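Colleague: Please see the structure below; I have some questions.
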Amino acid sequence: MQAPETLGIADPSLDLIVIGAGFGGIGMAARALRAGLRVLVLERANGLGGTWRDNIYPGCACDTQSHHYSFSFAMNPDWSRIYATQPEILSYLRRTAEETGVTEHLRCGVGVRHARWDEEQARWQVTTEDGASFSARFLVSAVGQLNQPMIPDFEGRETFGGKLMHTAQWDADYDLTGKRVVVIGNAASAVQAIPQIAKVAGHLTVLQRSPNWLVAKGDRAFRDREKRRFRALPFLQRLYRWSIYWQWERSWPEFIDGSRQSRRQTEATRRHISAEAGELAPDLTPDYPLGCRRILLADDYYPALQRENVSLVTDQVERLTPDGLLTKGGQWIEADCIVLATGFHARDFLPGLEVEGRGGQKLSDRWEEAGGPEAYLGIAVPGFPNFFLLYGPNTNLGHNSIIFMLECQIRYVLRSIARLRGRGESRIEVRQQALQRHRRQQERELARTAWAGSCTSWYKTATGRIINNWSAGTVKYWWLTRRPKTRDFTTR
């Protein structure tokens, strides 16, 4: 990693600052460097990787197939499994950053506190938590949506005498062997961690507030001959990658509420739960539409719940006690360790970062006035020239790979920059009318989806507005982000 003086930090020719070094930040920087831009990546943590750096709980893995959960410009023929585990994904990100030159332009341990648009200079002035200043023509936020653990403020939390940890803050040195463990939550991290914890715990209690829809994952190790073919025939690997894409893209109609595909998949999933969950099936079958919350993938979750040393409790926490917890239903549960599989604050798209646009307008204030975060195509916001978001509002998916969405966004950002530079202009800003038109169309589409159902989920605000998920298939997103529409932007 280069020293700060060699990174062009004080150099007025620095083109782009990227905040965050997860998949989005690494991909953005890699393609920007390839386009000839001078780039600096600032990462608050002490290493790259984003969610794949932070989440090290037992069983942590991706629920998108490995060959589709990777960059199209950095394909890996040697994935060990259909669904890669956390260590392998983190290794892939480190290798990709090294091979694309991103590592040389990365500064870790540097958290961004404030970013201000300088109208006179047509540059973004960035201030870090330690008081350092940086400046660039363009600013990209790639901080993601799932990086702030949600820690419930349970009554009596400070009195609990055992180990308390969130899945995203896992203590790898703590030995669960023979312990009485309680896992609170049953969503994505829980269904991965619970089968592994059950293998070593003396007794495991799973505290479930409400069930989630779960389908078979179909994971397995790749055979050596498969990996050899991918190495020898890259086009075969690319073809396999595209087959995965279309397999998932065809499932989009299942997320349209009341559609024939949705009804068919709902019945198939009910049958799967009945067949795999045994006597627990009634407690594990949701009463809300399929897809209203994130659909989970697992092969070993239902078998784990049926182990002799595992209990499923369908209740909520009333309070923690010195030796365990009390449920709202009055059940006392003793515990040596309580694991919080309680998710993230996913609706805060710029945690700990204040962004100040044209005329001193704060992005947080704008979003509060709008009733929640919003951005044109999830990428651009009126009043904030030369500022772009990756994995921004309404770009999460329920049916395909977020890496595809990130690559669409990265291409869009770079084409916006290229258009500006080609015209000899200094700033680009999306029009308010374009955002309003986009939002109206999106809300019409979202109203037809399962996400608008009666369940509570991290996709929605307290008022029920869906701010996380994209409203259609990814083919439409690809089409809309092929190139910036001149009528939707002002440049000068």
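Mapping of the sequence shown onto numbering that gives the first Met the number 0: position 234 corresponds to residue 233, and the numbering continues sequentially without gaps.
The C-beta atom is built at its ideal place from N, Cα and C for all residues, glycine as well.
Predicted model only: the values in this text are computed from it and were never measured.
What is the rounded straight-line gap between the Cα of S71 and the Cα of W457?
Modeller: For this step, residue 71 is matched to residue 72 along the sequence shown. For this step, residue 457 is matched to residue 458 along the sequence shown. S71 and W457: Cα-Cα distance of roughly 29 Å.
Colleague: Which complete alpha helix (DSSP H) runs does the stretch 218 to 296 hold, if anything under 4 residues is left out?
Modeller: Here the runs fully enclosed are 223 to 231, 233 to 248, 259 to 276 and 280 to 283.
Colleague: For S140, which three-state DSSP category applies?
Modeller: In the sequence shown, the residue the question calls residue 140 occupies position 141. Strand.
Colleague: Just checking my contact of T127 with G143 at CB under 8 Å: how many whole Å lie between their CB atoms?
Modeller: Counting from one through the sequence shown, the residue named residue 127 turns up at place 128. Counting from one through the sequence shown, the residue named residue 143 turns up at place 144. T127 to G143, Cβ: 19 Å. No contact.
Colleague: Let me confirm a value: F403 is counted as buried when at least 16 other C-beta atoms fall within 10 Å, else exposed. Which label applies?
Modeller: The count along the sequence shown starts at 1 and reaches residue 403 at position 404. Buried, since its Cβ has 16 or more Cβ neighbours within 10 Å.
Colleague: Evaluate the contact criterion for the stretch 148 to 157 versus the stretch 349 to 364: three or more CB pairs, one atom per stretch, below 8 Å.
Modeller: As far as the Cβ criterion goes, the stretch 148 to 157 does not touch the stretch 349 to 364, which means the pair count is below three.
Colleague: Excluding the five sequence neighbours on either side, which residues of its own chain have a C-beta within less than 7 Å of the C-beta of G26, listed in chain order?
Modeller: If you number the sequence shown from 1, residue 26 lands on position 27. The answer, listed in chain order, is F70, L405, E406 and I409.
Colleague: Is the beta carbon of Q264 closer than 8 Å to that of E253?
Modeller: Here residue 253 corresponds to residue number 254 of the sequence shown, with the count starting at 1. Here residue 264 corresponds to residue number 265 of the sequence shown, with the count starting at 1. Against a cut-off of 8 Å, the Cβ pair of Q264 and E253 comes out as a contact.
Colleague: Going by beta carbon distance, what residues of the same chain come within less than 6 Å of E324, once the five residues before and after it are set aside?
Modeller: Translated into the one-based positions of the sequence shown, residue 324 becomes position 325. Inspection of the sequence shows that residue 324 is occupied by Leu rather than by Glu. Closer than 6 Å at Cβ, skipping near neighbours: V316 and I332.
Colleague: Would you report the Cα separation of G370 and G463, rounded to the nearest angstrom?
Modeller: On the sequence shown, residue 370 is found 371 positions in, with the first residue counted as 1. On the sequence shown, residue 463 is found 464 positions in, with the first residue counted as 1. Taking the straight line joining both Cα atoms gives about 11 Å.
Colleague: Between which residues of its own chain and R112 is the CB-CB distance below 8 Å, once the five residues before and five after are set aside?
Modeller: Position 113 of the sequence shown holds residue 112. T126, T127, E128, G351, L352 and E353.
Colleague: Is the beta carbon of A20 closer than 8 Å to that of G49?
Modeller: Counted from its first residue, the sequence shown places residue 49 at position 50. Counted from its first residue, the sequence shown places residue 20 at position 21. A contact, by the Cβ cut-off of 8 Å.
Colleague: Going by C-alpha distance, which of L15, A449 and L479 is nearest G257?
Modeller: For the purposes of this step, residue 257 is identified with residue 258 of the sequence shown, where counting begins at 1. With distances taken between Cα atoms, G257 lies closest to A449.
Colleague: What residues in its chain sit with their C-beta under 6 Å from that of L434, if we drop five residues either side in the sequence?
Modeller: Taking the first residue of the sequence shown as 1, we reach residue 434 at position 435. So the qualifying residues of the chain are Y375 and P381.
Colleague: Would you mind sorting A274 into buried or exposed? The rule is 16 or more other CB atoms within 10 Å of its CB.
Modeller: Numbered from 1 along the sequence shown, position 275 holds the residue referred to as residue 274. The residue in question, A274, is exposed, as its Cβ has fewer than 16 Cβ neighbours within 10 Å.
Colleague: Can you tell me whether V111 is helix, strand or coil according to DSSP?
Modeller: Along the sequence shown, one-based indexing puts residue 111 at 112. In this structure, V111 counts as strand in the three-state DSSP scheme.
Colleague: Kindly indicate the opening and closing residues of the alpha helix (DSSP H) around M404.
Modeller: Position 405 of the sequence shown, counting from 1, holds the residue named residue 404. Taken as a continuous stretch (DSSP letters only), the alpha helix (DSSP H) holding M404 covers I401 to G421.
Colleague: Among all the DSSP beta bridges, which residues are the ones paired with C336?
Modeller: Indexing the sequence shown from 1 puts residue 336 at position 337. BP columns for C336 point to K162 and V180.
Colleague: Roughly how many angstroms lie between the CA atoms of L283 and E373, to the nearest whole one?
Modeller: As a position in the sequence shown, residue 283 is number 284, starting the count at 1. As a position in the sequence shown, residue 373 is number 374, starting the count at 1. The alpha-carbon atoms of L283 and E373 are separated by roughly 34 Å.
Colleague: Assign T490 to one of three DSSP states: helix, strand, or coil.
Modeller: Residue mapping note: residue 490 aligns to position 491 of the sequence shown, counting from 1. Of the three classes helix, strand and coil, the one that applies to T490 here is strand, per DSSP.
Colleague: Ignoring anything shorter than 3 residues, give me the beta strand (DSSP E) runs that lie fully in the stretch 181 to 213, in order along the chain.
Modeller: The qualifying runs are 202 to 206.
Colleague: Rounded to whole angstroms, what's the CA-CA distance from A189 to E118? Just pull it up for me.
Modeller: Indexing the sequence shown from 1 puts residue 189 at position 190. Indexing the sequence shown from 1 puts residue 118 at position 119. About 47 Å.
Colleague: Confirm, please, whether the CB-CB distance from R122 to A135 is below 8 Å.
Modeller: As a first step, residue 135 is located in the sequence shown; it is residue number 136 there, counting from the start. As a first step, residue 122 is located in the sequence shown; it is residue number 123 there, counting from the start. Contact flag set, yes.
Colleague: F234: buried (16+ other C-beta within 10 angstroms of its C-beta) or exposed?
Modeller: Position 235 of the sequence shown, counted from the start, is the residue given in the question as residue 234. Exposed: under 16 other Cβ atoms inside 10 Å.
Colleague: Give me, in chain order, the residues of the same chain whose beta-carbon lies closer than 8 Å to that of E98; leave out the 5 immediate sequence neighbours on both sides.
Modeller: Position 99 of the sequence shown holds residue 98. Hits under 8 Å: A73.
Colleague: Grouping DSSP H, G and I as helix and E and B as strand, with all else coil, what is S134?
Modeller: Here residue 134 refers to the residue found at position 135 when the sequence shown is read from its first residue. It is a strand residue.
Colleague: How would you label I8, buried or exposed, when you count the other beta carbons within 10 angstroms and need 16 or more for buried?
Modeller: Along the sequence shown, read from residue 1 onward, the residue named residue 8 stands at position 9. With a pLDDT of only 46 at I8, under the threshold of 50, the placement of this residue in the model should not be trusted; the figure read from the coordinates follows. I8 is buried by the Cβ-count criterion.
Colleague: Can you tell me whether A345 is helix, strand or coil according to DSSP?
Modeller: Here residue 345 refers to the residue found at position 346 when the sequence shown is read from its first residue. Three-state DSSP puts A345 in coil, outside helix and strand.
Colleague: Roughly how far, in whole angstroms, is the beta-carbon of Y300 from the beta-carbon of P194, given that I think they are within contact range, below 8 Å?
Modeller: As a first step, residue 300 is located in the sequence shown; it is residue number 301 there, counting from the start. As a first step, residue 194 is located in the sequence shown; it is residue number 195 there, counting from the start. 6 Å between Cβ atoms; contact.
Colleague: Whole angstroms are fine: how far does the CA of F348 sit from the CA of P302?
Modeller: On the sequence shown, residue 302 is found 303 positions in, with the first residue counted as 1. On the sequence shown, residue 348 is found 349 positions in, with the first residue counted as 1. For P302 and F348, the distance between alpha carbons rounds to 36 Å.
Colleague: Alpha carbon to alpha carbon, how far is A186 from G342? Give it in angstroms, no decimals.
Modeller: Numbered from its first residue, the sequence shown carries residue 342 at position 343. Numbered from its first residue, the sequence shown carries residue 186 at position 187. Using only the alpha carbons, I get a separation of about 8 Å.
Colleague: Looking at the unbroken alpha helix (DSSP H) that takes in I88, where does it start and where does it end?
Modeller: As a working mapping, residue 88 is identified with position 89 in the sequence shown. Q85 to E98 is the extent of the alpha helix (DSSP H) around I88.
Colleague: Between the C-alpha atoms of Q64 and T158, what's the straight-line distance to the nearest angstrom?
Modeller: Residue numbering aside, residue 64 sits at position 65 when the sequence shown is read from its first letter. Residue numbering aside, residue 158 sits at position 159 when the sequence shown is read from its first letter. Rounded to the nearest angstrom, the two C-alpha atoms are 42 Å apart.
Colleague: Between which two residues does the alpha helix (DSSP H) holding G26 run?
Modeller: For the purposes of this step, residue 26 is identified with residue 27 of the sequence shown, where counting begins at 1. Its alpha helix (DSSP H) spans residues F22 to R33.
Colleague: Taking C-alpha atoms, which residue in G329, D335 and Q330 lies nearest to Y321?
Modeller: Along the sequence shown, one-based indexing puts residue 321 at 322. In the sequence as displayed, the identity of residue 321 is Pro instead of Tyr. Closest option to P321, Cα to Cα, is D335.
Colleague: Distance check for L289 and V214, CA to CA, integer angstroms please.
Modeller: Taking the sequence shown and counting its residues from 1, one reaches residue 214 at position 215. Taking the sequence shown and counting its residues from 1, one reaches residue 289 at position 290. Each residue's alpha carbon lies about 11 Å from the other.
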